[in-house]
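A.B. asks:
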Amino acid sequence: MCGNICEEYQPGMHHMVLSSPIAPCLIWLGQVGCEKVTIFNSLTCQAFVDLLAKATKHKGSVMIFTENENEKAKKVAQTCAAKELIASARGPTAAEAQVGVLTKELEDARNRIALHGLTAQLFDEKSQKGTSGDGAILVCPWDPTFLYCLTWNGAWVWAKAVQSGMATCENPPRTYEYLTIMNKARVYHKDTSVNDRVKM
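Numbering of the sequence shown is given in this note's numbering, commencing with residue 8 and proceeding in unit increments.
1) So what does DSSP say about S26, is it helix, strand or coil?
2) Compute the distance between the beta-carbons of A54 and V69, then report whether it is under 8 Å.
3) Here's the rule I'm using: 16 or more other beta-carbon atoms within 10 Å means buried, otherwise exposed. How should R204 be labelled?
4) Can you give, in chain order, each stretch of the alpha helix (DSSP H) that sits fully within the region 144-200 and has at least 4 residues?
5) With a threshold of 16 other CB atoms inside 10 Å of the CB of V106, please say whether the residue is buried or exposed.
6) Taking only runs that begin and end inside the region 73-103, name each unbroken alpha helix (DSSP H) of 4 or more residues, in chain order.
7) Using alpha carbons as the reference points, say which of P148, L157, I29 lies closest to E74.
8) May I ask you to report which of helix, strand or coil DSSP gives T45?
9) Determine, for K81, whether the minimum Cβ-Cβ distance to residues of chain B falls below 8 Å.
10) Between which residues of its own chain and T187 is the CB-CB distance below 8 Å, once the five residues before and five after are set aside?
11) Distance check for A174 and E184, CA to CA, integer angstroms please.
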């Protein structure tokens, strides 16, 4: 490629370029006119020679340089960012989607089990505190004259409200759903006369 000059500079070039510890870090860039070829194996070297053969003046240059560490870090960061972008853009794989669905189903099942446990706990606690008979007779916290029987359905709605933070285990929720259940399960005290019931 370079005529007789190769033989003259070969020993020094061999020592500096090929045998030095920085040889693996060197980048060989061949250029013929506007065409550039990075030379790293025999095929790319042949491509550079082919470019020289096609050129009208048959002149080319080879630059040997090392990459700047900052530039190298920047390229690595760009490559990683591009890979992450491609991975996020393609969406989850079928296996990942299946794992997501199964995880959600497992979480829902755990929540349902916890809800059943809380319902049973509320029903049991209130049954022990309440009066005897058909279920526990409770007093409405915001209206002491209002008595109602705690049903399993009522305990279920109460437990859901406790889970969502709308009630506590001590005080029932004041939601439309629970108030409807309370009204359906309303109990009148045995000593209360018919006239007193009308006033209530």
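Even glycine gets a Cβ: it sits at the ideal position worked out from N, Cα and C.
C.D. replies: Taking the geometry as given:
1) coil
2) no
3) For R204, the pLDDT reaches just 44, beneath the cut-off of 50, and the residue's location in the model is therefore unreliable, although a value from the coordinates is still provided. With fewer than 16 Cβ atoms within 10 Å of its Cβ, R204 is classed as exposed.
4) 159-171, 183-191
5) exposed
6) 76-96
7) I29
8) strand
9) The displayed structure is made up of one protein chain only, and chain B is not part of it.
10) none
11) 13 Å
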